[in-house]
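Participant: Per this note's numbering, numbering through the sequence shown is continuous, rising by one, with the last residue being 337.
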Amino acid sequence: MKVSILGSGAWGTTLAQVAADAGHDLLLWGRNKEVVAEINSSHRNTRFLGEIELPQSIRATADIDEAFAHADALILALPSQSLRENLENWKSRYPANIPSISTLKGIEVSTHLRMSEVLAQVIGLEEEKIGFITGPNLAKELVRRQPAGAVGASINPKVADLIVSIFKTPYFRVYTSDDIVGCELAAALKNVIALAVGIVVGMGLGENTQAMIITRGLNEVTRLGVALGAAPLTFAGLAGMGDLVATCQSSLSRNRSFGETIGQSGNSSSVRETLGKTVEGVASAGAVVDMAHMVGVEIPIIEAVADVVSGKISPMKAMATLSEIDTGAEIDLSGPG
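1. Hey, quick one: how far does the beta strand (DSSP E) through I133 stretch, first residue to last?
2. Note down the Cα distance separating K312 from E51, rounded to an integer number of angstroms.
3. What do you reckon, are the CB atoms on G135 and G242 nearer than 9 Å?
4. How long is the line joining the alpha carbons of S250 and D326, rounded to whole angstroms?
5. Quick one, are the C-beta atoms of N86 and L28 less than 9 Å apart?
6. Ignoring anything shorter than 3 residues or poking outside the region 57 to 133, list the beta strand (DSSP E) runs there in chain order.
7. Could you give the DSSP three-state label for G25: helix, strand or coil?
8. Quick check: what's the CA-CA separation for M316 versus V192?
9. By DSSP's criteria, F172 is part of a beta bridge. Which residues make up the other side?
10. Between R47 and V36, which are expected to be in contact by the criterion C-beta below 8 Å, what is the C-beta distance as a whole number of angstroms?
11. Could you pull out every residue in the same chain whose Cβ sits closer than 7 Å to the Cβ of V164, ignoring the five residues on either side in sequence?
12. Would you check if the region 187 to 207 and the region 157 to 172 touch, i.e. whether three or more CB-CB distances between them fall below 8 Å?
13. Can you name the residues that DSSP bridges to K2?
14. Apart from the five residues just before and just after S116, which ones in its own chain have a Cβ nearer than 7 Å to its Cβ?
15. I301 and E207 look like a contact to me (Cβ under 8 Å); what is the Cβ gap, rounded to whole Å?
16. Here's the rule I'm using: 16 or more other beta-carbon atoms within 10 Å means buried, otherwise exposed. How should H24 be labelled?
17. Could you work out which residue in Q146, T234, S265 is closest to H202 when comparing CA atoms only?
18. Which residue from A96, H112, E141, G106 puts its Cα closest to that of E126?
19. How many Å lie between R145 and A22 at the Cα?
20. Can you tell me the Cβ-Cβ gap for A306 and Q81, rounded? I've got them flagged as a contact below 8 Å.
21. Under 7 Å Cβ to Cβ from L138, same chain only, skipping five residues before and after it: list those, please.
22. Could you check if L244 is buried or exposed, using at least 16 other CB atoms within 10 Å of its CB as the buried criterion?
23. Using the C-alpha atoms, what's the distance from R114 back to S120?
24. Compare the C-alpha of T321 against each of G204, E303, A329 and name the closest.
25. From the DSSP output, which residues share a beta bridge with S42?
26. Verify whether the separation of the beta carbon atoms of Y94 and I75 is less than 9 Å.
27. What residue range does the alpha helix (DSSP H) around A239 cover?
28. Who are the near neighbours of E324 in its chain, counting only those whose CB is closer than 6 Å to its CB and skipping five residues on each side?
29. What's the C-alpha gap between I155 and G225?
30. By a C-beta neighbour count over all protein chains shown, 10 Å radius and 16 as the cutoff for buried, is H293 buried or exposed?
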């Protein structure tokens with residue numbers, strides 16, 4: 001199959017390798033002409049993946065029309081907050097007649113839309129042509145072909161099966177789901193919980209506290225997801241718990257690292273200036289709180305993170321506030337944190 005991946009960063013390039021290993025005719029689109037030239041000449045992407053040698057079958061291009069013309073299926077691996085702008089620029093040329101598979105783990109801040117909803121809204125794609133791949137997949141591990149699992153989600157079983165076929169290799173196991181709503185929400189919301197875990201680590205708190213934040217955070221994510229139309233069991237699988245654990249525990253996670261630096265410094269604004277990287281949880285935390293308020297779901301951990309990263313309160317104040325919340329039944333998809 002001819003597959004085009006849009007986005008030549010760490011994740012897009014890693015997925016290009018997986019798809020190439022699965023035997024597909026792979027074309028990788030990137031805006032940076034130096035990155036594109038390096039992939040074509042030396043089969044490396046040193047800017048994002050160091051000295052990892054990529055399969056020689058991967059071709060790269062900076063011509064978006066070439067990427068569109070090549071594809072039987074499109075994989076989107078772009079920054080989530082720039083998706084709309086890119087799609088608007090490509091709208092008249094975008095091939096709406098083939099499957100589009102998103103890898104974007106975010107909520108559009110200005111609209112509270114999931115990435116598949118942005119794709120449908122801007123391009124006019126039918127839901128049956130949209131898929132999403134997600135899971136506990138850190139690029140720097142997967143590009144070394146370390147075993148990993150993922151979920152291919154779509155309301156269309158044929159698209160979910162297509163995702164499996166594109167990425168099926170001995171080291172990458174992809175399962176299917178019809179709950180694209182739950183998979184996208186789990187992927188986006190877990191970034192905020194990873195920030196929370198990073199903050200408590202930065203404050204010098206131990207594994208008991210981290211385990212509590214991860215578990216109660218998953219409870220919040222599940223409650224909000226169910227209120228927004230997701231299936232609760234989605235959050236117990238690779239798309240939910242799996243991705244959450246990997247992101248919260250890994251030093252490779254930008255969200256975890258950003259939170260840790262906040263916990264150490266107590267100042268989110270200075271951390272933003274020094275890190276200078278896209279941290280999805282920071283961008284989406286406030287939007288997630290707004291979404292929860294709209295459906296009447298209490299998410300105290302996520303709300304505390306939003307207040308910390310916006311500079312409203314300190315990490316110490318956030319922990320004190322969370323400690324004052326009354327407890328109740330542990331498993332209650334409608335209750336407080």
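Cβ coordinates follow ideal geometry from the N, Cα and C atoms, glycine included.
Facilitator: Taking the definition as stated:
1. Here the beta strand (DSSP E) through I133 covers 130 to 134.
2. Taking the straight line joining both Cα atoms gives about 42 Å.
3. Cβ atoms of G135 and G242: closer than 9 Å.
4. Whole-angstrom Cα-Cα distance: 31 Å.
5. No. Outside cutoff.
6. Runs found: 59 to 61, 73 to 76, 100 to 102.
7. Looking at the sequence shown, residue 25 is not Gly but Asp. Correct three-state label for D25: strand.
8. Their Cα atoms are separated by approximately 17 Å.
9. Bridge partners of F172: A148, T169.
10. Incorrect: roughly 11 Å between the Cβ atoms, too far for contact.
11. Answer for V164: G152, V174, T176, listed in chain order.
12. No contact exists between the region 157 to 172 and the region 187 to 207.
13. D25.
14. Cβ neighbours of S116 beyond the five flanking positions: S102, I130, F132, I180, E184.
15. So it is not a contact: roughly 17 Å between Cβ atoms.
16. It counts as buried.
17. The question names His, but residue 202 in the sequence shown is Gly. The residue among Q146, T234, S265 with its C-alpha nearest the C-alpha of G202 is S265.
18. E126 has its Cα closest to that of A96, out of A96, H112, E141, G106.
19. The straight-line gap separating the alpha-carbon atoms of R145 and A22 is approximately 12 Å.
20. Contact doesn't hold; Cβ gap of about 16 Å is too wide.
21. Within the same chain, L138 has close Cβ partners A246, S250, L252.
22. Buried, since its Cβ has 16 or more Cβ neighbours within 10 Å.
23. A quick correction: the sequence has Ala, not Ser, at residue 120. Going from the Cα of A120 to the Cα of R114 covers about 10 Å.
24. Nearest of G204, E303, A329 to T321, Cα basis: E303.
25. Paired residue(s): none; S42 is not in a bridge.
26. Going by C-beta atoms, Y94 is not nearer than 9 Å to I75.
27. A239 -> no alpha helix (DSSP H), and no H or E assigned at all.
28. Hits under 6 Å: none found.
29. Approximately 17 Å, taken between the alpha carbons.
30. Exposed is the call here.
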